[in-house]
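In terms of our numbering, the sequence shown is numbered consecutively and its last residue is 383.
Structure record follows, encoded as structure tokens.
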Amino acid sequence: MADAGEDIFMKHFKALKRKCPPADLTSVLDLDNPGSFTNKISRITPKGVSADSMFGLLPVSEWRAYELLDVPGAIIIRNPFTEMLRRYFVCRCLSDYPRQPNISNLDTSPRIYPEIWQAGCHPNSDLRARKYLHKLRWVTLGYHYDWTKKVYSQESCNDFPQDLSTTTQHIVQAVLGESCDFKAEAAIVNFYHLDSSLSGHTDHSEFDLAAPLISVSFGLPCVFMIGGQTKTKVPQALYLRDGDVVIMSGKARMSYHAVPKVLPKNVFSAAKKSDTPSSVDKNTMTSTVNPKCDDECSKRSHCEEFTEHSSAKKVKHDADTSCFTQLINCVHDTEFWKPYETYLHESRINLNVRQLFEPGKQAKDYCWPTTDPAFNFLTNST
Ligand code: SIN
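Right under this line is the structure:
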């Protein structure tokens, strides 16, 4: 029995984070091999979305989604992305979302390389640019987040990427029902390396604390922990793999969660072929070498997946539709994809998407907290 106020969450976090001696991971739930944990999860059937699929996501009927029985409202969907959309979002997270005016941890001083990914992504990029890319830890989208005061800024806000907004809305409606009108208004893109961790916290800075949180993982697997609304409850640890989506809804919306460990790529050596980045449908690969997403790339014909799902709802994307199509066409190209794949061999990306405002309300309906002077300086200088 835990003492009232004892920080059980932290105790478990430290045990799972430990390097020496190595952490005992036998308490970590593996959704691909639940073994003795079957009484901890219940398989759920996505209930919404009549048009079974959305462009770039697998048909909803094929999703494997589970709810954690000890943390009602915590739902995990095993990679619902086609290989194409998975690659597309990885490219967006690395080459587009870090661009200014979005804000990153590297913006506390003028950027050495304005194009962080483009400068540092190639093995022959200069060492300084590669190190700079390695230092990228987070990027904020939509309403930017002031980490010092732990508040969002009313003034510092950019258009939320339409592709991410449409995709997360579709996922939420598929799982929680079409009446759940999730609106993505802010996101944090977290970049982890093998030595990274994220300690226990709740996300409570949003004005709407009832709308679910959506968290998408790409790249290296990790141990993720989720507990109760206080740190006195024993958390459940589970593995998250490439493409997995966590929805924190209902009571789990305000649950403590953390990432004690990022794991090496080969940790699940018996992983299914479909879990590996090289498993893109061979029919959709082209042999054209095209390291940049340039005009040549946009001339390519649409890939099979595009036509296959052409009757399904399409991802709406940023103002320039051709940008989306261009990138979709590029991601099949082995040479184009190579630096992204290399990055993912050593890193994990987490896209953490939030709704800020209650249904029917907007920014002007709230009294906003003040942001830190350093944050205002940062946002004025980008
Ligand atoms: C977060 O809670 O901000 C990130 C969680 C994760 O990386 O899975």
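By construction, the Cβ of each residue, glycine as well, lies at the ideal position given by its N, Cα and C atoms.
The model shown is predicted, which means the values in this text are computed figures rather than measured ones.
First and last residue of the uninterrupted alpha helix (DSSP H) at residue i
i       : result
Pro-26  : The sequence shown places Leu at residue 26, rather than the Pro named in the question. Neither: Leu-26 is in no alpha helix (DSSP H) and is coded neither H nor E.
Ile-117 : 117-121
Helix, strand or coil at residue i according to DSSP, with G and I counted as helix
i       : result
Thr-371 : coil
Asn-166 : The residue you asked about is not Asn; residue 166 is Ser in the sequence shown. Ser-166 falls in the helix class under three-state DSSP.
Arg-129 : helix
Lys-15  : helix
Glu-359 : coil
Ala-253 : helix
Val-316 : With a pLDDT of 48 at Val-316, under the threshold of 50, the modelled position of that residue is not reliable, and the figure given next carries that caveat. Coil at Val-316, not helix or strand.
Glu-186 : coil
Ser-43  : strand
Phe-376 : helix
Val-332 : coil
Leu-195 : coil
Ala-175 : helix
Asn-1   : Residue 1 is absent from the structure shown; the chain starts at 2 and stops at 383.
Ser-105 : strand
Ile-9   : helix
Ala-238 : strand
Leu-352 : strand
Leu-134 : helix
Leu-95  : helix
Val-61  : helix
Val-72  : coil
Cα-Cα separation, residue i to residue j
i       : j       : result
Arg-301 : Asn-330 : With a pLDDT of only 30 at Arg-301, under 50, the local geometry of the prediction cannot be trusted, and no value is derived from it.
Val-152 : His-145 : 9 Å
Leu-86  : Pro-111 : 33 Å
Pro-397 : Tyr-240 : Beyond the ends of the chain as shown, which are 2 and 383, falls residue 397; an answer cannot be given.
Ala-238 : Cys-181 : 27 Å
Ile-113 : Lys-136 : 12 Å
Thr-335 : Ser-323 : 21 Å
Lys-150 : Leu-379 : 14 Å
Lys-184 : Gln-356 : 5 Å
Phe-82  : Gly-244 : 6 Å
Pro-265 : Asp-196 : 10 Å
Ala-375 : Ser-157 : 13 Å
Asp-8   : Asp-209 : 27 Å
Ala-188 : Trp-148 : 13 Å
Thr-372 : Thr-39  : 45 Å
Lys-20  : Lys-48  : 41 Å
Ile-172 : Tyr-344 : 26 Å
Pro-22  : Lys-12  : 16 Å
Val-246 : Thr-231 : 23 Å
Residues of its chain near residue i, where Cβ-Cβ distance is below 6 Å and the 5 sequence neighbours each way are ignored
i       : result
Asn-106 : Arg-138 and Trp-139
Pro-115 : none
Val-354 : Thr-169, Ala-185, Ala-188 and Ile-215
Cys-122 : Pro-340
Terminal residues of the beta strand (DSSP E) in which residue i lies
i       : result
Ala-75  : 75-79
Val-152 : 152-158
Pro-340 : Careful: Pro-340 lies outside any beta strand (DSSP E), inside the alpha helix (DSSP H) at 335-347.
Arg-89  : Contrary to the premise, residue 89 reads as Tyr rather than Arg in this sequence. Where Tyr-89 is concerned, there is no enclosing beta strand (DSSP E), although the alpha helix (DSSP H) it sits in stretches over 84-92.
Arg-242 : Element bounds for Arg-242: n/a, residue is neither H nor E.
Ser-216 : 214-220
Trp-139 : 139-147
Pro-261 : 258-263
Ala-66  : 65-69
Met-226 : 223-227
Ser-200 : 199-202
Same chain, Cβ closer than 8 Å to residue i, five either side skipped, listed in chain order
i       : result
Ile-350 : Val-91, Cys-94, Leu-95, Val-190, Asn-191, Phe-192, Tyr-193, Ser-218, Phe-219 and Gly-220
Own chain, CB closer than 7 Å to residue i, minus 5 neighbours either side, in chain order
i       : result
Gln-155 : Ala-364 and Trp-369
Ser-126 : Ala-120
Asp-31  : Tyr-240
Val-261 : In the sequence as displayed, the identity of residue 261 is Pro instead of Val. Hits under 7 Å: Phe-14, Leu-17, Lys-18, Ser-198, Val-224 and Met-226.
Val-332 : Met-85, Arg-88, Tyr-89, Cys-92 and Trp-338
Thr-109 : Leu-379
Asp-366 : none
Trp-118 : Leu-95, Ser-96, Pro-99 and Leu-134
Pro-360 : Asp-182
Arg-254 : Gly-74, Leu-210, Ala-211, Pro-213 and Leu-214
Ser-200 : Phe-14 and Ala-259
Check: residue i C-beta below 7 Å from any heavy atom of the ligand NAD
i       : result
Leu-199 : Of the ligands one can find in the structure shown, namely the ligand SIN, none is the ligand NAD.
is_contact[residue i, chain C] using C-beta, thresh 8 Å
i       : result
Arg-349 : Structure shown: chain C not included; a single protein chain is present.
Would you check if the segment 117-136 and the segment 58-68 touch, i.e. whether three or more CB-CB distances between them fall below 8 Å? Fewer than three Cβ pairs drawn from the segment 58-68 and the segment 117-136 lie within less than 8 Å of each other, which leaves the two stretches out of contact.
How about the segment 97-104 and the segment 339-348: do they share at least three Cβ pairs that are nearer than 8 Å? At 8 Å Cβ cutoff, the stretches do not touch.
Validate contact between the segment 41-48 and the segment 70-77 using beta carbons, cut 8 Å, 3 pairs: Output reads yes: the segment 70-77 touches the segment 41-48.
Take every Cβ of the segment 167-183, pair it with every Cβ of the segment 243-252, and state whether three or more of those distances are shorter than 8 Å. The segment 167-183 vs the segment 243-252: in contact.
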